[in-house]
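There are 2 protein chains.
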Amino acid sequence: MELHQLRYFCAVVETGSFSRAAEQSHVSQPSLSQQILKLEDELGARLFDRLGRSVRLTELGKTFLPRARAVLRELEAAKGDVVEGKEFIGGPITVGVIPTVSPYFLPPRLTTFTRKFSQVRLTVVEEITPVLLDRLRSGTIDVALLALPIRGREFDAFPLLTERLFAALPKKHKLNSRRSLALKDLRAEPFLLLRDGHCFRDTAVAACDRARLHPQIVFESGQFSSLLSMVGAGMGVSIVPEMAIEKKSPCRYIRIADDQAIRTIGAILLRGRSLTRAHLAFLSHLRET
Amino acid sequence: MELHQLRYFCAVVETGSFSRAAEQSHVSQPSLSQQILKLEDELGARLFDRLGRSVRLTELGKTFLPRARAVLRELEAAKGDVVEGKEFIGGPITVGVIPTVSPYFLPPRLTTFTRKFSQVRLTVVEEITPVLLDRLRSGTIDVALLALPIRGREFDAFPLLTERLFAALPKKHKLNSRRSLALKDLRAEPFLLLRDGHCFRDTAVAACDRARLHPQIVFESGQFSSLLSMVGAGMGVSIVPEMAIEKKSPCRYIRIADDQAIRTIGAILLRGRSLTRAHLAFLSHLRET
DNA sequence: ACGATGGATAGGCATAGCCTATGGAACTTC
DNA sequence: GAAGTTCCATAGGCTATGCCTATCCATCGT
Chain U
1 MELHQLRYFC
11 AVVETGSFSR
21 AAEQSHVSQP
31 SLSQQILKLE
41 DELGARLFDR
51 LGRSVRLTEL
61 GKTFLPRARA
71 VLRELEAAKG
81 DVVEGKEFIG
91 GPITVGVIPT
101 VSPYFLPPRL
111 TTFTRKFSQV
121 RLTVVEEITP
131 VLLDRLRSGT
141 IDVALLALPI
151 RGREFDAFPL
161 LTERLFAALP
171 KKHKLNSRRS
181 LALKDLRAEP
191 FLLLRDGHCF
201 RDTAVAACDR
211 ARLHPQIVFE
221 SGQFSSLLSM
231 VGAGMGVSIV
241 PEMAIEKKSP
251 CRYIRIADDQ
261 AIRTIGAILL
271 RGRSLTRAHL
281 AFLSHLRET
Chain A
1001 MELHQLRYFC
1011 AVVETGSFSR
1021 AAEQSHVSQP
1031 SLSQQILKLE
1041 DELGARLFDR
1051 LGRSVRLTEL
1061 GKTFLPRARA
1071 VLRELEAAKG
1081 DVVEGKEFIG
1091 GPITVGVIPT
1101 VSPYFLPPRL
1111 TTFTRKFSQV
1121 RLTVVEEITP
1131 VLLDRLRSGT
1141 IDVALLALPI
1151 RGREFDAFPL
1161 LTERLFAALP
1171 KKHKLNSRRS
1181 LALKDLRAEP
1191 FLLLRDGHCF
1201 RDTAVAACDR
1211 ARLHPQIVFE
1221 SGQFSSLLSM
1231 VGAGMGVSIV
1241 PEMAIEKKSP
1251 CRYIRIADDQ
1261 AIRTIGAILL
1271 RGRSLTRAHL
1281 AFLSHLRET
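As given, the protein sequences belong to chains U and A, one line each in that order.
Heads up: the first sequence is residues 1 to 289, going by our numbering.
Heads up: the second sequence is residues 1001 to 1289, going by our numbering.
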């Protein structure tokens, strides 16, 4: 049983004639005739009575007609769904963010995005990088916002912004007057860093390594705001990305001059995943703002 | 968009793999792959994300899946209806009968038939022959029971029974003692006949014609019972078919010996009309009883 | 690094649906 | 009632399409 057979069948019912049905279906009358015959063969009974000039549905045909129409109706609905779904910008997006980006980068962009695309149901998940990568793989998040680079060919990366790193110093620190400093200037200082697992800890440690600096770590936390309070209390110094700088803060922030003292934030997607229009809108919104 | 594409699509969703879906669908993996590709082309978007080893539905695929399933479900329902309808003996039958057959022939057969096939909704229409033929043509009755022969190639006829004609005489008529008589024996008698339009009138008149008899008609009615009452009252004689003979009657019935003094009752159908199992059951029930 | 797995691609083949031409029955018209 | 018209069915040829095998390419696991 094929769809065109059902279409032909319905056309015959509508027009009351094989010839007119063929015309309406843009096929020759014999082709349509054949297909009706074939359909009847498969069903094992006639659908029409051929009465000289006119054709009329059999009892079987009468019961079959609404079924055939239902199939075709469902088919049209399916097609309709697709084209509608293609125009439509909306649906669910789940975005994962690392904790050291989440509170600074996302909020302003989310509000403008959801105002612009009110049909998109946006969910945010805050996790550390390896968890986000796993969730990308399993499909439980669509995009991840995290620090680049990410190794592995299974992901596509879109850099969004690059920011400098800053040293956070207590208000009365001796380096406070400097416009910038080198990491090695901090050689003598006790350090406050993020807990292990946070990628920014690795970024900071890597920068120190390059500066031949092996910091003594006196405090660890999961969030910058804790570190900065402690720094303000004079416990030591820290390294933070630009976006983590607080306006009203007990600390002074001095730019780190080292070339590689930077962090790049990017959007990561599972390679090969198809993107809805909503996904694309979200990505380009992040890139524009 | 074709049915096998939808089937393949659903198979991929169920198995989570093109290869296994191909196996399950009894086609090669490339064939199935092609068809999925083709379907995606037509829809203008991917239905699956191909992620190295595994495949996963896209958003579009997720919305398309229930639609595709609905189409296939409807299709199965249609097929189911057909086979069910073919097993089933039931549904509506409308049978037309001429008035000179209706009260004698049908009642006993109807009760046995409806007892046997309780699912059949039987409707009886009593009309004269030309009306019944018209209603066969228009499809408002399925079968007609009437006197054969019927000319015209547009009908199929199934003879059911042939009966002799009888002369109905008053109780004290001089021919009463005879076992049989010839029509010409009635030459002197006044006749009572059915009204014009009833085919049995034509049957009787034709028989008289063949016997060179031109009867004087003194009474006409639409039913035998009226004629027989009048005959009993001594108004004249009549000709009736065997089935019209009444057990308790004011008349005597004498078999008419003429060769052609017979009537054949048959079932007539519109040639080319397909018959349901219920129709066939009805016809064979008439023939058997 | 290697083989195994899974989907895509290429090329050949057979079938299925379409076409035109024609047949044959029924209805119309003169 | 004979000829023409209008139907649907049949026959035969053509093309397209779906299927096949063989192969490729990427990924994944050992």
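For glycine and all other residues, C-beta sits at the position ideal for the given N, C-alpha and C.
Let me confirm a value: A:Ser1025 is counted as buried when at least 16 other C-beta atoms fall within 10 Å, else exposed. Which label applies? If you draw a 10 Å sphere on the C-beta of A:Ser1025, you find 16 or more other C-beta atoms in it, and that means buried.
The alpha helix (DSSP H) enclosing A:Ile1089, as first and last residue numbers: From DSSP, A:Ile1089 is part of no alpha helix (DSSP H); its letter is neither H nor E.
Find out if the Cβ-Cβ distance for the pair A:Leu1051, A:Ile1036 is shorter than 9 Å. no
For a test of the three-state rule: what should DSSP assign to A:Ala1157, helix, strand or coil? Three-state result, A:Ala1157: strand.
C-alpha distance - U:Leu183 paired with A:Glu1014, whole-angstrom precision: 57 Å
Expressed to the nearest angstrom, what Euclidean distance is found between the alpha-carbon atoms of A:Gly1197 and A:Phe1155? 20 Å
Which of the three DSSP states is assigned to U:Ile98 in this structure? coil
In three-state terms, what does DSSP make of U:Leu47? If DSSP states are grouped into helix, strand and coil, U:Leu47 belongs with coil.
Consult DSSP for A:Ile1141 and reduce its assignment to one of helix, strand or coil. coil
Spatial neighbours of U:Phe64 within its chain, please: CB distance less than 7 Å, with the 5 preceding and 5 following residues excluded, ordered by chain position. Leu47
Does the contact criterion of 3 or more C-beta pairs under 8 Å hold for the segment 1241-1252 of chain A versus the segment 1209-1217 of chain A? no
Between A:Thr1203 and A:Arg1263, what straight-line distance do the alpha-carbon atoms span, to the nearest angstrom? 8 Å
Rounded distance between the beta-carbons of U:Arg201 and U:Arg195, thought under 8 Å: 7 Å
Below-9 Å beta-carbon distance, U:Lys248 vs any chain A residue: Taking 9 Å as the threshold, the shortest C-beta distance from U:Lys248 to chain A does not fall below it.
DSSP-derived helix/strand/coil call for A:Thr1162: strand
With a cut-off of 9 Å, does the C-beta of U:Met1 fall near any C-beta of chain A? yes
Any beta carbon of chain U sitting closer than 9 Å to that of A:Arg1135? no
Classify U:Gln260 as buried or exposed, calling it buried when 16 or more other Cβ atoms lie within 10 Å of its own Cβ. Burial call: exposed.
How should U:Pro170 be labelled, buried or exposed, when 16 other C-beta atoms within 10 angstroms of its C-beta is the threshold for buried? Per the 10 Å Cβ criterion, buried.
Indicate whether at least one CB of chain A lies closer than 9 Å to the CB of U:Asp156. no
Using 8 Å as the threshold, is the segment 1143-1161 of chain A in touch with the segment 1128-1135 of chain A, meaning 3 or more CB pairs across them? yes
Only counting runs of 3 or more residues, tell me where the beta strand (DSSP E) segments fall wholly within the segment 1156-1240 of chain A, in order along the chain. Listed in chain order, the complete beta strand (DSSP E) runs (minimum 3 residues) inside the segment 1156-1240 of chain A are 1190-1194 and 1216-1221.
Cβ of U:Phe219 within 9 Å of Cβ of U:Leu192? yes
Among the candidates U:Ile265, U:Leu57, U:Leu283 and U:Leu175, whose CA atom is the shortest distance from the CA of U:Arg252? U:Leu175
With H, G and I counted as helix, E and B as strand and the rest as coil, what does DSSP make of U:Thr63? helix
Spell out whether any CB of chain U is found under 9 Å from the CB atom of A:Ser1274. yes
Residues of its chain near A:Ser1102, where Cβ-Cβ distance is below 6 Å and the 5 sequence neighbours each way are ignored: Glu1126.
Roughly how many whole angstroms lie between the Cα atoms of A:Arg1271 and A:Leu1283? Here the alpha carbons of A:Leu1283 and A:Arg1271 stand approximately 15 Å from one another.
Leaving aside the five residues before and after A:Arg1178 along the sequence, list all residues of the same chain whose C-beta is less than 7 Å from its C-beta, in chain order. Ile1254
Rounded to whole angstroms, what's the CA-CA distance from A:Arg1007 to U:Leu280? Just pull it up for me. In this structure, the CA atom of A:Arg1007 is about 30 Å from the CA atom of U:Leu280.
In the DSSP assignment, what residue or residues form a beta bridge with A:Gly1152? None; A:Gly1152 has no bridge partner.
Interface partners of U:Thr94 on chain A, CB under 8 Å: The contacting residues do not exist; U:Thr94 stays about 12 Å from chain A at best.
So what does DSSP say about U:Leu57, is it helix, strand or coil? strand
Could you spell out the range, first to last residue, of the alpha helix (DSSP H) harbouring U:Ala288? Looking at the sequence provided, one finds Glu at residue 288 of chain U rather than Ala. Element bounds for U:Glu288: Arg277 to Glu288.
Taking only beta-carbon atoms, is A:Val1071 less than 9 Å away from chain U? yes
Are the C-beta atoms of A:Val1120 and some chain U residue less than 9 Å apart? no
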